[in-house]
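Data first, discussion second: the structure below is written as structure tokens.
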Amino acid sequence: MSGLIDWAADLIYPNRCPSCDRFIPWDRLFCEECESAFEERSFCPKCGMNVCVCESRELYYDGCAVAAPYLGEIRRGVLALKYHRGFNAAKYFAPRLCRLIDEYGFSGGADIITAVPMNRARRAQTGYNQAEYIAKLISKRISVPCDFKLLKKKLSSAIQHELSAEERMKAAAEAYSPYKNKSLAGKTVILCDDIITTGSTLSECAKILKSLGAKKVYCAVISGTVLDGADKNKGSGKIVGT
Ligand SMILES: [Zn+2]
Ligand SMILES: [Zn+2]
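Going by our numbering, the first residue of the sequence shown is number 316, and it counts up by one from there.
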């Protein structure tokens, strides 16, 4: 059925590759050239970094699955997801993310899926939250319900990618808050986002979910920033490929 809807939608809004913007057949998510250029990297299943920081940083989440490196064609696809309603990257990487979640044992006892929130102004501007879009795809595949009324983001906060790792931690700590009167007592939560860089945002959100009683918080992220490991102890090594 969704194939038929995609086919029909393609007549009105022709399908484009989210990396290079070329027209592609309705049943593809990236063009062949871009897909064949995708790079592979491995990420630590606990901290979600390509250069593990588990020993040096206190992170409040219990594990993190990352589907792909935030590099090259994949990075362009994720930027389209973030800013231009280009949902193909989420559709493409969701099955891989679900396989990892399963492999790492995150989905077994999961009760709720949620997403890193966006502030109201940004949400009104874009009309969607890509992290919620990812959460819904995962929810459908692993049959665990979504709840997006757990975390809130305050209106003004600094632009994350312009901050150092330390500044990010501080900004993240001030940016998020829980919904009132929510309880997650004893629950296992899967927290979704599009990109992990230092893990500060996910850690702060996980901390809030735990303050509501969550027993475990596992993260599921489409792409991970690749660090060269120069300053791995601070989780602020040089970002490559941007
Ligand atoms: Zn392409
Ligand atoms: Zn690690």
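For every residue, glycine included, the Cβ atom is placed at its ideal position computed from N, Cα and C. In this text, all values refer to a predicted model and were calculated from it rather than measured experimentally.
Among the candidates 333, 336, 338 and 344, whose CA atom is the shortest distance from the CA of residue 318? Against the sequence shown, residue 318 aligns to sequence position 3. If we check each option's Cα against that of residue 318, 344 comes out closest.
For residue 383 and residue 408, I'd like the C-alpha separation in whole angstroms. Walking along the sequence shown from the start, residue 383 turns up at place 68. Walking along the sequence shown from the start, residue 408 turns up at place 93. Spanning the two alpha carbons is a distance of roughly 8 Å.
How many angstroms separate the CA atom of residue 375 from the CA atom of residue 519? Stepping through the sequence shown from its first residue, residue 375 is reached at position 60. Stepping through the sequence shown from its first residue, residue 519 is reached at position 204. Looking at the two C-alpha atoms, the distance is approximately 7 Å.
Among 356, 363 and 371, the one whose alpha carbon lies nearest that of residue 511: Within the sequence shown, the letter at position 196 stands for residue 511. Looking at the Cα atoms, 363 is the closest of the given residues.
Within 8 Å, strictly: CB atoms of residue 506 and residue 431: Your numbering for residue 506 matches position 191 in the sequence shown. Your numbering for residue 431 matches position 116 in the sequence shown. For residue 506 and residue 431, yes; Cβs fall inside 8 Å.
Assigned secondary structure, residue 393 (DSSP; H/G/I helix, E/B strand, else coil): Position 78 of the sequence shown, counted from the start, is the residue given in the question as residue 393. Correct three-state label for residue 393: helix.
Quick one: which unbroken alpha helix (DSSP H) runs of 4-plus residues sit fully inside the stretch 322-365? Chain order, please. 347-351
Can you tell me whether residue 496 is buried or exposed, with buried defined as 16 or more other CB within 10 angstroms of its CB? The residue labelled residue 496 in the question sits at position 181 within the sequence shown. With fewer than 16 other Cβ atoms within 10 Å, it is exposed.
Any non-hydrogen atom of ligand 2 closer than 7 Å to residue 534 Cβ: Here residue 534 is taken as the residue at index 219 of the sequence shown, counted from 1. Because no heavy atom of ligand 2 lies under 7 Å away, the Cβ of residue 534 does not count as near it: no.
Distance CB(residue 394)-CB(residue 434) smaller than 8 Å: Your numbering for residue 394 matches position 79 in the sequence shown. Your numbering for residue 434 matches position 119 in the sequence shown. No, these two residues do not count as a Cβ contact at 8 Å.
Reducing DSSP to helix, strand and coil, say where residue 405 ends up. One-based indexing of the sequence shown puts residue 405 at position 90. Looking at residue 405 - three-state DSSP - the assignment turns out to be helix.
Residue 508 - DSSP class collapsed to helix/strand/coil: On the sequence shown, position 193 is the one that residue 508 refers to. Strand at residue 508.
Quick one: Cα of residue 426 to Cα of residue 501, how far? Position 111 of the sequence shown holds residue 426. Position 186 of the sequence shown holds residue 501. One C-alpha to the other measures close to 10 Å.
Helix, strand or coil, according to DSSP, for residue 542 in the structure here? In the sequence shown, residue 542 corresponds to position 227, counting from 1. The answer is strand: DSSP assigns residue 542 an E or B state.
Strand pairing of residue 492, partner residues [DSSP]: Taking the sequence shown and counting its residues from 1, one reaches residue 492 at position 177. Answer by DSSP bridge pairing, in chain order: 467.
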